[in-house]
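Right, one structure below, let's go through it.
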């Protein structure tokens, strides 16, 4: 089971790190008074990462 869990945990951590970076970048720009308008493709990718992370959380009951 650990051999199956380990890659999913790594993937989940990577997804969370990328989402955090994306969100923090937008928040910092907004706080600096220069809000960014991300491209539609970037928003789609952010949503995909969120859905994938939710799937992994549900898969392992976390």
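Numbering (this note's numbering), first residue to last: 14 to 75.
Just so it is clear, CB atoms sit at the ideal spot from N, CA and C, and this is done for glycine as well.
Note that this is a predicted model, so its numbers are computed, not measured.
Can the beta-carbon of residue i be found less than 9 Å from the beta-carbon of residue j?
| i | j | result |
| --- | --- | --- |
| residue 70 | residue 25 | yes |
| residue 62 | residue 31 | yes |
| residue 164 | residue 56 | Not covered by the structure: residue 164. The range shown for the chain is 14 to 75. |
| residue 73 | residue 21 | yes |
Could you check where the alpha helix (DSSP H) with residue i kicks off and where it finishes?
| i | result |
| --- | --- |
| residue 72 | 53-73 |
| residue 33 | 15-44 |
For residue i, which option in the options has the closest C-alpha, if you only look at C-alpha atoms?
| i | options | result |
| --- | --- | --- |
| residue 59 | 21, 19 and 35 | 35 |
Go through its chain and collect everything with a Cβ distance to residue i's Cβ below 7 Å, but skip five positions before and after it.
| i | result |
| --- | --- |
| residue 29 | 66 |
Grab me the residues of residue i's own chain with a C-beta within less than 8 Å of its C-beta, minus the 5 sequence neighbours each way, in chain order.
| i | result |
| --- | --- |
| residue 42 | 48 and 49 |
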